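Peer 1: Take this structure first; my questions come after.
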Amino acid sequence: MQFNTLIECNPSIITVNTIAYICSLKNRHMFNKRIKIKELLVSDVANYQATVMGWVRTFRNNQFIALNDGSTNSNLQIVAELGKFDDALLKRLTTGACIKATGEIIASLGKGQKVELKATDIEILGDSDAEKFPLQPKKHSLEFLREIAHLRFRTNTFGSVFRVRHALAFAVHEFFNKKGFVYFHTPIITASDAEGAGEMFRVTTLPMDGTAPKNEDGSINYKEDFFGRSTNLTVSGQLEGELAAMAFSDIYTFGPTFRAENSNTTRHLAEFWMIEPEMAFHDLEDNANLAEEFIKYVIKYAIDNNKDDLDFLAQRLEEEEKQKPQQDRSEMGLLDKLAFVVNNNFERITYSEAIEILRDCNHNKKKKFQYLINDWGVDLQSEHERYLVEKHFKKPVILTNYPAAIKSFYMRMDDNCAPGRQTVSAMDILAPGIGEIVGGSQREERLDKLTERMEAMHIPAEELSWYLDTRRFGSCPHAGFGLGFERLVQFVTGMGNIRDVIPFPRFPKSAEF
RNA sequence: UCCUCCUUAGCUCAGUUGGUUAGAGCAUCUGACUGUUAAUCAGAGGGUCUCCCGUUCAAGUCGGGAAGGGGGAGCCA
Numbered sequence: 001m002q003f004n005t006l007i008e009c010n011p012s013i014i015t016v017n018t019i020a021y022i023c024s025l026k027n028r029h030m031f032n033k034r035i036k037i038k039e040l041l042v043s044d045v046a047n048y049q050a051t052v053m054g055w056v057r058t059f060r061n062n063q064f065i066a067l068n069d070g071s072t073n074s075n076l077q078i079v080a081e082l083g084k085f086d087d088a089l090l091k092r093l094t095t096g097a098c099i100k101a102t103g104e105i106i107a108s109l110g111k112g113q114k115v116e117l118k119a120t121d122i123e124i125l126g127d128s129d130a131e132k133f134p135l136q137p138k139k140h141s142l143e144f145l146r147e148i149a150h151l152r153f154r155t156n157t158f159g160s161v162f163r164v165r166h167a168l169a170f171a172v173h174e175f176f177n178k179k180g181f182v183y184f185h186t187p188i189i190t191a192s193d194a195e196g197a198g199e200m201f202r203v204t205t206l207p208m209d210g211t212a213p214k215n216e217d218g219s220i221n222y223k224e225d226f227f228g229r230s231t232n233l234t235v236s237g238q239l240e241g242e243l244a245a246m247a248f249s250d251i252y253t254f255g256p257t258f259r260a261e262n263s264n265t266t267r268h269l270a271e272f273w274m275i276e277p278e279m280a281f282h283d284l285e286d287n288a289n290l291a292e293e294f295i296k297y298v299i300k301y302a303i304d305n306n307k308d309d310l311d312f313l314a315q316r317l318e319e320e321e322k323q324k325p326q327q328d329r330s331e332m333g334l335l336d337k338l339a340f341v342v343n344n345n346f347e348r349i350t351y352s353e354a355i356e357i358l359r360d361c362n363h364n365k366k367k368k369f370q371y372l373i374n375d376w377g378v379d380l381q382s383e384h385e386r387y388l389v390e391k392h393f394k395k396p397v398i399l400t401n402y403p404a405a406i407k408s409f410y411m412r413m414d415d416n417c418a419p420g421r422q423t424v425s426a427m428d429i430l431a432p433g434i435g436e437i438v439g440g441s442q443r444e445e446r447l448d449k450l451t452e453r454m455e456a457m458h459i460p461a462e463e464l465s466w467y468l469d470t471r472r473f474g475s476c477p478h479a480g481f482g483l484g485f486e487r488l489v490q491f492v493t494g495m496g497n498i499r500d501v502i503p504f505p506r507f508p509k510s511a512e513f
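Under this note's numbering, the first residue of the first sequence is numbered 1, with each subsequent residue one higher.
Dropping the structure here:
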């Protein structure tokens with residue numbers, strides 16, 4: 001059926017080889033009769049014929065194959081009864097080998113599983129040299145697995161991490177779709193270098209060997225470049241998102257973002273995925289409400305749809321925590337933590353209130369902070385954010401109304417501020433263990449205030465005239481935020497290093513795979 | 001970029017005040033066993049102690065440098 005359709009649709013792509021290939025597939029019933037292990041395991045029904053395909057995790061006792069096909073972190077036990085298969089075949093059932101097994105699904109005779117497949121036929125689809133395959137049926141360190149990132153998806157941990165990542169990504173779209181948001185695609189290549197969100201990767205087709213066309217002053221003449229100007233990889237889709245919000249009311253972006261910062265931490269990547277909703281007719285409080293609802297929704301989705309994966313990750317984390325000294329262990333397990341976040345309100349305080357809490361806390365008085373809090377106006381350090389989230393409130397915190405001096409040009413100036421204490425309608429959401437997971441604000445919709453601010457911060461208005469047009473033609477109060485998708489995945493999976501929640505991490509000095 | 005720790009078998013790690021042939025568990029291989037759950041039992045193979053330079057009669061061990069990695073900080077999401 002499938003193949004006929006293919007032939008009818010586009011006969012030009014069919015060659016002798018593809019026909020031979022398709023025939024071979026049909027003869028072997030390779031795809032159409034396969035059952036995924038997840039489907040097979042969710043029901044206790046037994047006594048029916050089935051074909052499964054997957055990769056061998058372990059082969060015990062010359063009889064029992066633990067087979068995984070990535071549909072779930074549970075394995076299917078395949079029984080190859082003694083004496084029914086050639087020794088030559090059994091020798092090839094090594095860890096990592098890919099096989100097709102056909103037989104009867106029966107109630108398991110063993111204790112570890114409800115059903116098992118009693119094989120009548122086993123076919124090796126792909127051998128795996130046991131002496132060379134790096135994954136062994138034993139615990140591996142995350143550092144080691146990071147070095148073989150192309151194979152780590154075949155482990156329980158990374159299988160679960162990336163199934164949860166998928167679930168969260170799906171939930172992102174579901175949440176916004178239900179709310180009538182338009183998924184808006186902002187460009188990956190941008191010309192605006194005025195935003196100041198971070199160092200950018202340059203995009204160019206000009207030669208790097210010194211022969212690039214030059215201006216009279218010796219600088220490179222980007223008018224000769226592909227786009228006729230200097231271009232970069234995007235650091236944020238926000239400004240373009242604002243344009244769309246001024247037409248669709250509610251939009252969101254969800255795509256890759258690039259920062260060329262030399263950041264070497266467990267929570268930064270050079271290429272990461274960001275979710276950026278932008279809403280017309282929203283103020284800061286609406287913005288915070290949406291962000292909180294959003295975070296709870298996607299976490300709830302993962303809890304409801306990826307129980308097995310989260311159970312496994314929770315157990316993994318618990319074992320990891322046992323290795324730590326008592327004082328460094330978290331008070332809640334992963335599942336309790338997620339349930340707590342879903343079922344409790346985030347704490348909401350202003351920057352000014354946070355400064356008072358920090359200034360008066362014992363930790364500060366005993367000078368245990370590396371940077372002591374004395375005066376209003378200083379930026380909060382990681383240690384302060386962690387104190388508020390992990391020690392003082394013990395829950396996610398939404399911090400609002402930061403001093404204008406430490407925030408971006410597009411954030412809305414608060415009205416009626418005390419003298420010398422001008423703030424903006426900014427908000428950060430801080431999560432336990434992760435730190436800043438969301439950064440957002442109500443945007444400055446007043447053209448005069450915005451251009452005044454840009455001037456003060458030396459941002460060239462002519463480069464952003466398209467952006468300022470939104471304020472010239474039907475400006476309106478609006479707000480939005482950016483959420484680092486990998487940090488969300490970190491929070492939900494309990495993985496400590498951001499490089500372990502994106503399939504192929506990019507960071508300084510590393511772009512492998 | 002800064003601070004700090006680490007680098008010994010395929011993996012995870014021991015390795016004493018510098019001293020003869022560098023060890024263990026797991027993995028791999030061989031054999032036994034056969035309803036196992038990271039099977040078990042017995043045996044075997046497996047090392048440029050990350051690299052370079054130095055100190056010393058002698059360096060896995062001490063000193064200097066480089067590379068790679070972990071954790072923390074800054075930048076932020």
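Ideal Cβ placement from N, Cα and C applies to all residues, glycine included. Since the structure is predicted, the reported quantities are computational estimates derived from the model, not experimental observations.
In whole angstroms, what is the alpha-carbon distance linking residue 232 and residue 318?
Peer 2: The alpha-carbon atoms of residue 232 and residue 318 are separated by roughly 42 Å.
Peer 1: Just how far apart, CA to CA, sit residue 440 and residue 279?
Peer 2: Rounded to the nearest angstrom, the two C-alpha atoms are 12 Å apart.
Peer 1: Taking buried to mean at least 16 other C-beta atoms within 10 Å of its own C-beta, is residue 478 buried or exposed?
Peer 2: So residue 478 counts as buried.
Peer 1: With a Cβ-Cβ cutoff of 9 Å, do residue 494 and residue 334 count as a contact?
Peer 2: Result yes, Cβ atoms of residue 494 and residue 334 sit closer than 9 Å.
Peer 1: What did DSSP end up calling residue 23 once you bin it into helix, strand or coil?
Peer 2: Summary for residue 23: the model assigns pLDDT 42, below 50, so the residue's position carries little reliability, and this model does not support an answer.
Peer 1: Bridge partners of residue 58, per DSSP?
Peer 2: DSSP, once it has assigned bridges, lists 66 as partnering residue 58.
Peer 1: Tell me the rounded alpha-carbon separation between residue 434 and residue 390.
Peer 2: Distance between the alpha carbons of residue 434 and residue 390 is about 10 Å.
Peer 1: Could you check the C-alpha separation between residue 289 and residue 161 for me, to the nearest Å?
Peer 2: Rounded to whole angstroms, residue 289 to residue 161 spans 28 Å at the Cα level.
Peer 1: Is it a yes or a no for the region 462-481 touching the region 301-317, going by three-plus beta-carbon pairs under 8 Å?
Peer 2: Contact between the region 462-481 and the region 301-317 is absent, because fewer than three Cβ pairs lie under 8 Å.
Peer 1: Give me the DSSP bridge partner(s) of residue 98.
Peer 2: The partner list for residue 98 (beta bridge, DSSP) reads 55, 126.
Peer 1: Grouping DSSP H, G and I as helix and E and B as strand, with all else coil, what is residue 397?
Peer 2: Strand.
Peer 1: Whose CA, out of 359, 443, 67, 200, lies closest to the CA of residue 471?
Peer 2: Here the closest residue by C-alpha is 443.
Peer 1: In the structure shown, what three-state DSSP assignment does residue 418 receive?
Peer 2: Correct three-state label for residue 418: coil.
Peer 1: Counting Cβ pairs closer than 8 Å, one from the region 251-258 and one from the region 167-182, do we hit at least three?
Peer 2: Yes: the two stretches touch, three or more of their Cβ pairs being nearer than 8 Å.
Peer 1: Taking the alpha-carbon positions, what's the residue 187 to residue 403 distance?
Peer 2: Cα to Cα, the separation comes out at about 31 Å.
Peer 1: Here's the rule: buried if 16 or more other CB atoms are within 10 angstroms of the residue's CB, otherwise exposed. What is residue 396?
Peer 2: So residue 396 counts as buried.
Peer 1: Indicate whether residue 152 and residue 95 have their beta-carbon atoms separated by less than 9 Å.
Peer 2: In this structure, residue 95 does not lie closer than 9 Å to residue 152 by Cβ.
Peer 1: Within its chain, find whatever has a CB closer than 8 Å to the CB of residue 140; leave out the 5 residues flanking it on each side and keep chain order.
Peer 2: So the list reads 155, once near-sequence residues are dropped.
Peer 1: Please report how far the alpha carbon of residue 377 lies from the alpha carbon of residue 203, in whole angstroms.
Peer 2: Cα to Cα, the separation comes out at about 37 Å.
Peer 1: So the candidates are 263, 330, 67, 293; which of them puts its Cα closest to the Cα of residue 498?
Peer 2: The shortest C-alpha separation from residue 498 is found at 263.
Peer 1: If I measure Cβ to Cβ from residue 416 and keep anything under 6 Å in the same chain, skipping five residues before and after, which residues do I get?
Peer 2: Taken in chain order, the list of residues that qualify is empty.
Peer 1: Helix or strand or just coil, what does DSSP make of residue 510?
Peer 2: Strand at residue 510.
Peer 1: List, from N- to C-terminal side, the alpha helix (DSSP H) runs of 4 residues or more that fit wholly inside the region 133-191.
Peer 2: Whole alpha helix (DSSP H) segments, 4+ residues: 142-147, 156-178.
Peer 1: Can you check DSSP and say which residues form a bridge with residue 413?
Peer 2: Paired residue(s): 424.
Peer 1: Look at residue 53 and residue 117 and say whether their C-beta atoms are less than 9 Å apart.
Peer 2: The answer is no: Cβ separation not under 9 Å.
Peer 1: Looking at residue 394: is its Cβ nearer than 9 Å to the Cβ of residue 342?
Peer 2: No.
Peer 1: In whole angstroms, what separates the C-alpha of residue 200 from that of residue 487?
Peer 2: Cα to Cα, the separation comes out at about 21 Å.
Peer 1: Rounded to the nearest angstrom, what separates residue 426 and residue 469 at their Cα positions?
Peer 2: Answer to the nearest angstrom: the Cα atoms are 22 Å apart.
Peer 1: According to DSSP, is residue 198 part of a helix, a strand, or is it coil?
Peer 2: Coil at residue 198, not helix or strand.
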